[in-house]
Amino acid sequence: MIDQSRDGDILILTINNPPVNAFSPGVPEGLHAGLDVAEQDQSVSAVVIIGGGRTFIAGADIKTFDLPREQAPDLRGFITRLDAFPKPTVAAIHGTALGGGLEVALACTYRVALSGAQLGLPEVKLGIFPGAGGTQRLPRVVGAQKGLEMMLSGSPIGAAEGAQLGLIDELIEGKTEADLRAAAVAFARAHAATRPLPRVSERGVEGASPELFAAARAGLGKTHRGQMSPGMIVDLTEVAATRPFEEGWNAEAGLFLQAKDSPQSRGLRHIFFAERESARVPGIGKDTPLTEIRSAGVIGAGTMGGGIAMNFLNAGIPVTIVETAQDALDRGVATIRRNYENTAKKGRLSMDDVEARMALLTPTLNMNDLAQADIIIEAVFENMDVKKDIFTRLDGIAKPGAILASNTSTLDVNEIASVTSRPESVIGLHFFSPANVMKLLEIVRAEKTSASVLATSMALARKIKKVGVVVGVCDGFVGNRMVHRYGDEARKLVEEGANPQDVDGAMHALGLAMGPFEMSDMAGLDIGYSIRQHQAKVRGEPQPDGWLDRIVAQGRKGQKTQAGIYDYPDGRKPVPSAEMSDLIATYRSEKGLQSRTISPQEITERLAYSLVNEGAKILEEGIAQRAGDIDVIYIYGYGFPAYRGGPMQYADEMGLSNVAAALEKYGQTPAPLLKQLADEGKTFGAWDKEKGRG
Ligand code: T1G
1 MIDQSRDGDI LILTINNPPV NAFSPGVPEG LHAGLDVAEQ DQSVSAVVII
51 GGGRTFIAGA DIKTFDLPRE QAPDLRGFIT RLDAFPKPTV AAIHGTALGG
101 GLEVALACTY RVALSGAQLG LPEVKLGIFP GAGGTQRLPR VVGAQKGLEM
151 MLSGSPIGAA EGAQLGLIDE LIEGKTEADL RAAAVAFARA HAATRPLPRV
201 SERGVEGASP ELFAAARAGL GKTHRGQMSP GMIVDLTEVA ATRPFEEGWN
251 AEAGLFLQAK DSPQSRGLRH IFFAERESAR VPGIGKDTPL TEIRSAGVIG
301 AGTMGGGIAM NFLNAGIPVT IVETAQDALD RGVATIRRNY ENTAKKGRLS
351 MDDVEARMAL LTPTLNMNDL AQADIIIEAV FENMDVKKDI FTRLDGIAKP
401 GAILASNTST LDVNEIASVT SRPESVIGLH FFSPANVMKL LEIVRAEKTS
451 ASVLATSMAL ARKIKKVGVV VGVCDGFVGN RMVHRYGDEA RKLVEEGANP
501 QDVDGAMHAL GLAMGPFEMS DMAGLDIGYS IRQHQAKVRG EPQPDGWLDR
551 IVAQGRKGQK TQAGIYDYPD GRKPVPSAEM SDLIATYRSE KGLQSRTISP
601 QEITERLAYS LVNEGAKILE EGIAQRAGDI DVIYIYGYGF PAYRGGPMQY
651 ADEMGLSNVA AALEKYGQTP APLLKQLADE GKTFGAWDKE KGRG
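full-length UniProt numbering puts the first residue of the sequence shown at 1, with every later residue one more than the last.
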């Protein structure tokens, strides 16, 4: 774990705990042993601590958080010793120094780093806060404002910025760990004689003021609504600025367990690992052959097609984009350019980058121009006949081995594949709108999709910076199938007496940015209306006449018409509509519906548990591999609050027996798997682990 080596009078402690040198059991023991040697051996004048492999310490070992206290690595104990160590210590940083890793570095006398290194305290993303001195030391180095910014965002900074802030004492221009090691040894030797040793804990905090902390607290409602640990970060930073170091150090310890043992931290840690687990698919391994994606084709230059194309352009992959009419093609290309130029206006892209990306885009009206593409993604109208026609033509155009993907959001990918001579090359890649922004990608594995095509799609998801989750074929796959049930339940709640703003309000309280009706208005009510009309026609049923259908029939299509379920007098902010209340009341009386007052708890349970129950059915049918996969999908694609861990984790926290009882109370039948786990006193998390999937 910890290798000791000497370079003359300098003792080098190298941490070897792959893959990220987390502060796991064994690491503190080895480091203490190294400090023992340095303390006792008079020939040692200074100590360098460096990470072996690709990085410095990437933090405490998150996997040890639920260990009994006595078994968990004592990071605080090690840091206390390091802070008071009688000889100079130098943290030599490459890769990342995150969380406890940066806290170790802050307790060293000095810090040197390769210019490409990243430094940060991301604990807020795990529902906790820097609990080993970070809230007390970081502000003492970078000031109160920057300290708050780094700890509340959880985002790392580069070593160059760290050097400007005084967080890094010397920037090393080399590239390798060997360059870093040599420079760190030289730095240590040059500073070995310095006395007294500078200690971060003895500094003051610059730039603090009551106004700064008040503003920070006021901002949390917007940036971290409903979360607990951000407030603790502000409080502890204020202690750092106003009280002696020891008091703040002890205050951290007092609060840390409360944060770590909270449902919010369990939820965020669950999703941290679930996101990584979701990349594991049976039958797909490191030896599965991959197709190299050197060029892409996109069919359709509308909102989805354009957004999809941008993902490839951002990754430096040339795209040929096809439309059926010149004006549609021109509009699509212009939209892509405008999106990039808007990003450039925000300073997140240079105009050179804009031109470089646009140069990778080849617009055409001729589908034959896709003949050499390694992957072709169809993003045309959501109609099976249209898609079948496209894939029939693609089958005759695409080169052998090309991946043929559909961006369908609900249709049967097996049926689409059936019109080609190469079903093994057909897969669903369900992007979420706006496709160049939303991180989720549902990778729809059809019956005949080959392992190589699936593995290539998963690797492609990583390359275009998407969170790719493999799902099976059914109506709506995972996310849309769940959200359709959720929408049905929301509409029923209104029929029974709830008003739309109460339904949306309950979801706000749960932590969603938007409730089902705000979301419908933003997406456009006419989309659901057309799908319901089409499905009724296909099933030979009468045209639907729900209260929502009546709203659309009045031409109220949502935000885009400044009127939908809500009114939008300013074009964006939803305002309850008296006209809609009357329409709904008339609807209820015409249908003989008795309306009643419905509590926020009932609304929350019926909506949240409709997701959970559908998720349980999806697991039973094998459409999703894990409950954790469902959580990743619903957080990244549908805005479920990450600090709840996703709908399935939320159900685990509520207790599955309570969930099953509530479903029955509201007249719904718990899915067999949900009922079984409830009866056995188990959780979805345990089910994942038992299946070797968690
Ligand atoms: N603990 C345990 N395992 C970790 C880990 C960690 N801190 N970080 C990563 N892993 C595992 C991860 O699960 C995956 O495992 C493998 O390493 C590769 O990770 C007291 C309490 C460092 C930027 O929050 O941000 O310190 O899937 O796929 O894309 O104040 O990992 O291979 O089995 O993400 O190259 C604070 C979290 C902890 C950093 C590398 N630190 N990690 O990204 O690889 S709390 C963090 C990351 C703390 C103190 C507090 C990233 C990375 P597997 P990966 P990557």
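Glycine residues also receive a C-beta, built at the ideal position from the N, C-alpha and C atoms.
Exercise. Determine the DSSP secondary structure at Val-319, reduced to helix, strand or coil.
Key: strand
Practice problem: Tell me whether Thr-80 sits in a helix, a strand or coil according to DSSP, three-state version. | Solution: helix
Quiz prompt | Among Ala-60, Leu-429 and Lys-448, the one whose alpha carbon lies nearest that of Gly-468 | solution = Leu-429
Quiz item: Going by the beta-carbon positions, is the gap between Leu-126 and Arg-225 smaller than 8 Å?
Solution: no
Quiz item: Which term fits Pro-641, buried or exposed, when burial requires 16 or more other beta carbons within 10 angstroms of its beta carbon?
Solution: buried
Quiz item: Are three or more beta carbon pairs between the segment 103-122 and the segment 146-165 nearer than 8 Å?
Solution: yes
Practice problem: Would you check if the segment 287-300 and the segment 444-464 touch, i.e. whether three or more CB-CB distances between them fall below 8 Å? | Solution: yes
Quiz item: With 16 other CB atoms within 10 Å as the buried threshold, where does Ala-578 fall?
Solution: exposed
Quiz item: What residues in its chain sit with their C-beta under 7 Å from that of Asn-17, if we drop five residues either side in the sequence?
Solution: Met-1, Ser-24 and Val-27
Exercise. Just the C-alpha distance for Asp-629 and Glu-277, rounded to the nearest angstrom, thanks.
Key: 8 Å
Exercise. Go through its chain and collect everything with a Cβ distance to Asp-77's Cβ below 6 Å, but skip five positions before and after it.
Key: A small correction: the amino acid at residue 77 is Gly; Asp does not occupy that position in the sequence shown. Excluding residues within five positions, none has a Cβ falling inside 6 Å.
Quiz item: Relative to the alpha-carbon of Lys-617, which residue among Asp-567, Cys-474 and Val-426 has its alpha-carbon at the smallest distance?
Solution: Cys-474
Exercise. Examine the ligand T1G and report whether any of its heavy atoms sits within less than 7 Å of the Cβ of Thr-96.
Key: yes
Quiz item: To the nearest angstrom, how far is it from the Cα of Ile-12 to the Cα of Gln-42?
Solution: 15 Å
Practice problem: Measure the C-alpha to C-alpha separation of Met-482 and Glu-614 and round it to an integer number of angstroms. | Solution: 6 Å
Practice problem: Check whether the Cβ of Gly-100 lies closer than 7 Å to any heavy atom of the ligand T1G, and answer yes or no. | Solution: yes
Quiz prompt | Where Glu-495 falls: helix, strand or coil (DSSP) | solution = helix
Self-check item: Exposure label - Ala-553; buried when at least 16 CB within 10 Å
Solution: exposed
Quiz prompt | Local conformation of Ala-402 per DSSP, three classes | solution = coil
Quiz prompt | CB of Leu-319 within 8 Å of CB of Ala-296, strictly | solution = This sequence places Val at residue 319; Leu is not what is there. Yes, the pair counts as a contact, with Cβ atoms nearer than the cut-off.
Practice problem: Leaving out five residues on either side along the sequence, give the residues of the same chain with a beta carbon under 6 Å from the beta carbon of Leu-255. | Solution: Met-232
Practice problem: Return helix, strand or coil for Pro-544, following the three-state DSSP convention. | Solution: coil
Quiz item: On the three-state DSSP scale, how would you describe Tyr-566?
Solution: strand
Practice problem: For Val-185, name the three-state secondary structure that DSSP assigns. | Solution: helix
Quiz item: Between which two residues does the alpha helix (DSSP H) harbouring His-430 extend?
Solution: Not the alpha helix (DSSP H): His-430 falls in the beta strand (DSSP E), residues 426-431.
Practice problem: Please look up how many angstroms separate the CB atoms of residue 730 and Arg-532, rounded, as I've assumed it's under 8 Å. | Solution: Here the chain comprises residues numbered 1 to 694, so residue 730 is not present and cannot be evaluated.
Quiz item: CB Arg-140 to CB Gly-59, shorter than 8 Å?
Solution: no
Practice problem: Pick out the complete alpha helix (DSSP H) segments inside the segment 548-626, 4 residues or longer, and give them in chain order. | Solution: 578-590 and 600-620
Practice problem: To the nearest angstrom, report how far apart Ala-446 and Val-322 are at their CA atoms. | Solution: 25 Å
Quiz prompt | Those runs of the alpha helix (DSSP H) which lie wholly inside the segment 211-250 and span at least 4 residues | solution = 229-242
Exercise. Report the rounded CA-to-CA distance for Val-575 versus Gln-501, giving the unit in angstroms.
Key: 9 Å
Self-check item: Alpha carbon of Ala-490 to alpha carbon of Ala-240, nearest angstrom
Solution: 47 Å
Quiz item: Using the C-alpha atoms, what's the distance from Val-112 back to Gly-174?
Solution: 12 Å
Quiz item: Is it right to say Phe-381 is buried, meaning 16 or more other beta carbons lie within 10 angstroms of its own, or is it exposed?
Solution: exposed
Quiz item: Helix, strand or coil: which one does DSSP assign to Leu-98?
Solution: strand
Quiz item: What did DSSP end up calling Ser-450 once you bin it into helix, strand or coil?
Solution: coil
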